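Everything in the sequence shown is counted per numbering that gives the first Met the number 0, starting at 0 for the first residue and increasing by one.
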Amino acid sequence: MLTLASRLDVMNRLGRALSDPTRSRILLRLLDEPGYPAALADELDLTRTNVSNHLACLRGCGIVVAVPEGRRTRYEIADRHLTRALDALVDVVLAVDDGETPPRLLEQSGGELATAGECAADCAADR
């Protein structure tokens, strides 16, 4: 069982991985389908070195896996459950941004959730 400190470290690593706009673009693209570094670089108008470095970070956090295919390497989301979880996180934030509260979240929070603006202000204060 993970200690609180271990769980906090994992959450911080995950947060750092997801907080970079380039990594987020790569991740959103990989949510649609697996990809190859060169193709991802072309599609996202990035250098291949840049994409490879960001993929290494995402791989190091366990978010994506590298699947060797001969001389090429395909990258994909590490697990289908993770794909669903990431999609759900995006949906929750979009719902909050639209002023909606997902019923399950509202129920679990006792009727009180922070607005997107409050979350952004809290995040900015932590920097």
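Here a beta-carbon is modelled for each residue, glycine too, at the ideal position from N, C-alpha and C. Nothing here was measured: the structure is a model prediction, and the numbers come from that model.
Next item on the list: Return helix, strand or coil for residue 76, following the three-state DSSP convention.
Entry: strand
Checklist line | Local Cβ density within 10 Å of residue 9, reported as buried at 16 or more and exposed below that | finding: exposed
Item checked: Helix, strand or coil at residue 33 [DSSP, three-state] -> coil
Item checked: Distance, residue 31 Cα to residue 16 Cα -> 19 Å
Note to self: Closest to residue 25 by C-alpha separation, out of 92, 46, 64 and 54, would be which residue?
What the structure shows: 54
Notebook entry, point to check: Within the chosen definition, does the segment 92 to 100 reach the segment 33 to 46 through at least 3 CB pairs nearer than 8 Å?
Noted result: Fewer than three beta-carbon pairs drawn from the segment 92 to 100 and the segment 33 to 46 are found closer than 8 Å, and the two stretches are therefore not classed as touching.
Next item on the list: Just the C-alpha distance for residue 126 and residue 49, rounded to the nearest angstrom, thanks.
Entry: For residue 126, the pLDDT reaches just 46, beneath the cut-off of 50, and the residue's location in the model is therefore unreliable, leaving the point undetermined.
Margin query: Rounded to whole angstroms, what is the Cα-Cα separation between residue 89 and residue 83?
Written below: 10 Å
Notebook entry, point to check: Relative to the alpha-carbon of residue 36, which residue among 18, 78 and 70 has its alpha-carbon at the smallest distance?
Noted result: 70
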